[in-house]
Structures are given as C-alpha cells and as structure tokens.
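Working notes, structure below.
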Amino acid sequence: MAVDAGKGSSYAGSASCRECHERFYQLWSSSMHGLAMQPYSASFAMEKLTPHQGDIAIGEAKYRADIDEGVVIETDRMETKKLKIKHVLGGKNVFYFLTPLDKGRLQTLPVAYDVNMKEWFDTAASGIRHFPGGEHGEAVDWRHSTYTFNTACYSCHVSQLDTNYDTGTDTYNTTWTEPGINCETCHGPSAEHNMIARATPKGQPLPELRIISTKTMTTVQRNDLCSGCHAKAGPLTAAYRPGEPFFDHYDLATLEDPDFYPDGRDLGENYTLTSWTMSPCAKSGQLDCMHCHTSSGRYRFKQEKFNNACVPCHEQKVQNPTAHTHHPAESEGSKCVSCHMPMSSFARMNRSDHSMLPPTPAATIAYQSPNACNLCHRDQDAGWADQIVRQWRSRDYQAPVLERAALIDAARKRDWTRLPEMIAYIGDPGHDAVFAASLIRLIPPAQDQRLQEALLGAAKDPSPLVRGAAVQALGLVPSVESLQVLIEATADDSRLVRVRAAAGLAAFPQLAAPPAYQAQIRMANDEYLASITTRPDQWTSHYNLGNYYLGQNDAKAAAASYQTALQLDPQPSCRW
143 MAVDAGKGSS
153 YAGSASCREC
163 HERFYQLWSS
173 SMHGLAMQPY
183 SASFAMEKLT
193 PHQGDIAIGE
203 AKYRADIDEG
213 VVIETDRMET
223 KKLKIKHVLG
233 GKNVFYFLTP
243 LDKGRLQTLP
253 VAYDVNMKEW
263 FDTAASGIRH
273 FPGGEHGEAV
283 DWRHSTYTFN
293 TACYSCHVSQ
303 LDTNYDTGTD
313 TYNTTWTEPG
323 INCETCHGPS
333 AEHNMIARAT
343 PKGQPLPELR
353 IISTKTMTTV
363 QRNDLCSGCH
373 AKAGPLTAAY
383 RPGEPFFDHY
393 DLATLEDPDF
403 YPDGRDLGEN
413 YTLTSWTMSP
423 CAKSGQLDCM
433 HCHTSSGRYR
443 FKQEKFNNAC
453 VPCHEQKVQN
463 PTAHTHHPAE
473 SEGSKCVSCH
483 MPMSSFARMN
493 RSDHSMLPPT
503 PAATIAYQSP
513 NACNLCHRDQ
523 DAGWADQIVR
533 QWRSRDYQAP
543 VLERAALIDA
553 ARKRDWTRLP
563 EMIAYIGDPG
573 HDAVFAASLI
583 RLIPPAQDQR
593 LQEALLGAAK
603 DPSPLVRGAA
613 VQALGLVPSV
623 ESLQVLIEAT
633 ADDSRLVRVR
643 AAAGLAAFPQ
653 LAAPPAYQAQ
663 IRMANDEYLA
673 SITTRPDQWT
683 SHYNLGNYYL
693 GQNDAKAAAA
703 SYQTALQLDP
713 QPSCRW
C-alpha cells in the first residue's frame, strides 16, 4: 500500500523544500539525481566539456559538436545542418545530449561525451553488444525511437512527466515539472506539507506530516522505491506511487535477455534490480538500498571506510579482512566491494555488480562472464584465478552458480536433454527466483506433463516474478488444470500475476467461468488492457492490443491495431 502523502496535495517543486531543508537541497541539487537532466548552457560547456576535435563518421554523414555555439554539426553529401543541443542527460560517466526534432520529439544526438576519458564518441556504436560466441549486434540509427527521449529515457531523467502522446497524429506535447529526479518523486506531492509547515510555529512538531517519509517504509518498500529507475523492466502502469509494490507496476527482465551472461552477470546494460534480486543480502530481507546509498544516490561510506557497510552482518570478516580475502588488509583486494561488487563497463558507463556473489572464475572459463579476480589481475587468466580460489576454499562455492548457469545456457541453446533438470530446478522450493523465472520464460510451453506440473506449482511461488512467469506460460498451453489456475490467479495479490492471468484467459472469450470469479476476471482484464496501452507510442503496445482483439474474435479491431503498430515502426523487430 502506498504511504499517504495527502490526497488533496499537489506538486510544488524542489525549490519549495529548500526553505526548511537547505542542507538536503544542496546535497540533492548537486547529485546525479538532481542533475539527471539539465539545460545545456555556455557555462555548462565551459565547466564540463572539452572541444570536439575532428569529425566522427556515422553512416554516410559526419558529426562534430561545437560546444561554443551549442550545436552538433551534421555534414553529408547533400548539406550541412546544425542540430541544437537543448538538454544534457547523465554525467557520472557519460553526457548525452538532446535535440528537438519534428512532432515534439526530443532525440538523443549521435555524439556523446565520455566524462572519464574527456573525449567525444559515437553514441549508437558504443551500445553494440559483443556476445561470447563472437557474434555482435548492430548500431541503431540515432533517429530511431530507441533514442527518442519521450519514448525511452524520460521516466528516470525528469520528474512528473506527461508525454501527452497523440496516436492519431503521432505527436508529443511532453511536459514535466522540473528536470532531474526531484524530491517529490520519492516523497510525493509537497504542497500540503509545505502549507502545514509554514503554519506551524518554529521549533514545534508538525501536527501532520502530509508527505511520504521513507522512515516509515519497510525494507521491501524502500527497495521498490528505487527499482522503477534502477531496473530493466517493462511498465504495467504509468502510475507508480512511492510505497507501492514494484510488481504492481513493472515486470522485470531476467536471463531470457541476452544482455545477461548465463550465470547472471551483466553483459549489456541491465541497471541493478535483477542482479540485486539474486543477492543473498537482498534475500535476507534485512538490507535496503538506503543502507549503502543516500536518497540522492551517493555512497554513504567514505573511501577508507568502505567495508563498514558490511559490518552489521559480517563484522568478523570486516575486522579481520585478510583471513577472508587472502589479501593485505589495506589493499584493494580486501575491500568487500572489490570481490563482491566488481565493476564492469558497457557503453562507456561503469556499473557495479549488485548480486554480491563471490568471484566465480569457473564461470568465466565456461561462459566468458567477468570475474572480480581477473578484473584486477589482468595479467593472469581465469584458469589461474579458478585454481587460486579453490585452494582458498575447501567448499566448492562455485558449484551452485555453475549448475544453474548451465541450465540457462542449455535452455538458450534449446538443448532439451537437460529439461528434467530444468523442471526440477523450477520445482525446487529453494530455487533462486530470477533463475526460476528465466527458465520458465526460456522453455517453450509444451504438452509435457512434468513441465505442466512444475508450472502449476510455480504459479503458487512466494515470488510474484516467478508466479507471473508461470501463469504466462500456462496461458500458452491451456488445459483444465491450467485454466483453473489462471482463473484463480486473477485475484492474486500482485498486479503482474493478475495481468498475466488475464492475458492467458483473453484467448478464451467464451469461457464460462463460475459466477464467483467473473467480477475478478473482469477487473484483471481491465488491468491487462491498461497495461497494454500504458505506452501508446510503442509499436509493441498496438501489436499486443491486436493480439488481444484477435483472441476476442474482433478481426477489424485487430487489423487496426496491427496497422498502427506498422505505422509506428514499419520494420519492427524484437531484440531477442
């Protein structure tokens, strides 16, 4: 349940918080949250950028940023254009730049700036995935909707945004209250709180807070508060309120996505939540994001006291790090984050692994995934690292990681000789939710009684991620048992599960459900339709809506939805 911020309250902007919270305002306004998007200006260019020397060839055109004029110059065989730099995104590792295009679109420009290397580079080329087998993706044209701010980036870079997209004209009239992730994104609308605070004598407690405080949230609520931006996820609604469950508003990408290695390590950009969900620290229910991070996104612990973050649960290892790490106490190798949160890069952006798992060089040998040992000891190979950690630990702690990674790898390769093991893993009460959901999504639903039984059991799993995946799979292979589970799942506590159940039942418009279930089925169906239309500017929304109408035997409405999908993207393709 969301924490009440006052039903009649409205947004007042972060500047209104400054009156009473100057210190926090200063910390926020200079943070990556406060500066997630900012206007481009001459002073910004002078302080943050270096001149762009030479051109960058992209396709048949060349591009160069003129930071004094605030434009990117595009030169092709026909003409030269000046693309105005309007806004700046990011800044921790990379600055991306936005330019206004037709129909209200804000587009990411084809050149970006590497903050660490102090150089300009090709935006799209940096996002090419290079997979372990040697295959690689292709750069997307910078004018594609993938790089349209209104479609892809907005929710995590500005606050209280409304795309105001019009399907009929394919135009945006996008508005937001302020750039960056503001105070009210996490604390809710503040106008009523401000009014009460101003009316309360100085030094007196407020009679009512009328704003959301994270102090009253549970560990899960605090984690979910951060997850909307720090997850690779698909939206179910556009109406998340602080305090509400993540899976009431999003579905999470798992290892069916090739941006993950089979062992769960990051290959492409996956943000944080998927790996965090695999973390034993997260599974303990005792750790939330704000233990290590401030609400403005900074790390709470100073460089010389990094390990203090782990003291509450691992005090003995922190007090005597060498016995655990086999590295000198003051060395980089004795920092907890060095081994348990190794940093890797994608598209020139550094990110820390949040699975908290120990180094698994054996997985590097098998799948080429990164491991902490060789990120430091670059002059050695994974075989050397594997031999070392096996000497250090009598227990083969890598074995469980390798076993479940092998199942993911086999499922990706459609190697069904290991299907019995996959089914057993799904049915194991001690399974990892991310790996179980991944296997369910990777295994093609079939009339296999063993798989059916595992899915029926998984539909009752404690994790809404697993339940949602199981219910979705059951909807593709209808049987008397699976239809009953789908009907019951329309009353699940999680919107994700209800939506997946309604999607499965939508293919059976003539299904005569018992009267006791009909109201909940209608409500779940409404939630399903709302989830499909949450992003009307994406071709996939209209494609899925067409599938819904087709299942309802409404060919005319289905054809219209498919036509809209093709208009939005004449050559639609799925990434996997």
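Going left to right, the sequence shown walks through residues 143 to 718 as the working numbering numbers them.
Just so it is clear, CB atoms sit at the ideal spot from N, CA and C, and this is done for glycine as well.
What residue from A505, H482 and P454 has the CA that sits closest to H496's CA? Ranked by how close their Cα comes to the Cα of H496, the residues A505, H482 and P454 have H482 in first place.
Cβ-based neighbour list, D668, same chain, cut-off 6 Å, excluding 5 preceding and 5 following: none
Specify, as a first and last residue, the run of the alpha helix (DSSP H) that V460 falls within. Counting along the chain, V460 sits inside the alpha helix (DSSP H) bounded by residues V453 to Q461.
Bridge partner(s) assigned by DSSP for G232: F237
Given 8 Å as the limit, is there contact between the stretch 568-579 and the stretch 523-541, that is, 3 or more CB pairs closer than that? no
S480: first and last residue of the uninterrupted alpha helix (DSSP H) it sits in: C478 to H482
Near K459, what residues of its chain come up, given a Cβ to Cβ distance below 6 Å and the 5 sequence neighbours on each side ignored? Residues H466 of the same chain have their beta carbon placed closer than 6 Å to that of K459, with the five preceding and five following residues left out of the count.
Segments assigned alpha helix (DSSP H), at least 4 residues, entirely inside the stretch 171-254: Runs found: 184-190.
Nonlocal neighbours in the same chain, by C-beta distance under 6 Å from A203, ignoring five residues either side: E216 and D218
Nearest neighbour of L687, chosen from S703, A697, S580 and T676 [CA to CA]: Closest by alpha carbon: S703.
Is it right to say G195 is buried, meaning 16 or more other beta carbons lie within 10 angstroms of its own, or is it exposed? A small correction: the amino acid at residue 195 is Gln; Gly does not occupy that position in the sequence shown. Exposed, by the Cβ-count rule.
Starting from the Cα of A308, find the closest Cα among P712, N689 and Q680 and give me that residue. Reading off the sequence, residue 308 comes out as Asp, not Ala. Comparing Cα-Cα distances from D308 to each of P712, N689 and Q680, the minimum goes to Q680.
Note down the Cα distance separating H175 from S438, rounded to an integer number of angstroms. 6 Å
CA nearest to the CA of S287, picked from K245, V300 and I585: K245
Give me the Cα-Cα distance between S476 and P454, rounded to the nearest whole angstrom. 17 Å
Can you tell me the Cα-Cα spacing of E411 and F488, whole angstroms? Between E411 and F488, the C-alpha separation is close to 6 Å.
Quick one: grab the DSSP three-state call for T311. coil
Less than 9 Å between the beta carbons of G599 and V639, yes or no? no
Take R546 as the anchor and find which of P404, P606 and E280 has the nearest alpha-carbon. P404
Out of L191, R554 and P512, which has the shortest C-alpha to C-alpha gap to P500? P512
Would DSSP call E411 helix, strand or coil? coil
My guess is that L618 and V627 are in contact by the Cβ rule of under 8 Å, so how many angstroms apart are they, rounded? The Cβ separation is near 13 Å, so there is no contact.
Could you check the C-alpha separation between V479 and M485 for me, to the nearest Å? 9 Å
What does P377 pair with, by DSSP beta-bridge criteria? Y392
So the candidates are M220, K226, T222 and I198; which of them puts its Cα closest to the Cα of E211? K226
In whole angstroms, what is the alpha-carbon distance linking L177 and Y691? 43 Å
Taking Cβ to Cβ, would you say I354 is nearer than 9 Å to G385? yes
Residues near V608 by beta carbon distance below 6 Å, same chain, minus five either side: A575, A578, A579 and A600
Measure the alpha-carbon distance for R717 versus V282 and round it to whole angstroms. Because the pLDDT of R717 is 49, which lies under 50, any placement of that residue in the model is unreliable, and the question is left without a value.
Supposed contact pair I209 and D264 - C-beta distance, whole angstroms, cut 8 Å: No, D264 and I209 are not in contact; Cβ-Cβ is about 17 Å, not under 8 Å.
State the DSSP-derived secondary structure class of D528, mapped to helix, strand or coil. helix
Roughly how many angstroms separate the alpha carbons of Q168 and E474, rounded to a whole number? The straight-line gap from Cα to Cα measures roughly 31 Å.
In three-state terms, what does DSSP make of M143? At M143 the pLDDT is 41, less than 50, meaning the model places this residue with poor confidence; the figure from the coordinates comes in the next sentence. Reduced to three states, the DSSP call for M143 is coil.
Proximity of R285 and L243 at Cβ, strictly below 9 Å: Yes, the pair counts as a contact, with Cβ atoms nearer than the cut-off.
For V622, is the classification buried or exposed, using 16 other Cβ atoms within 10 angstroms of its Cβ as the cut-off for buried? exposed
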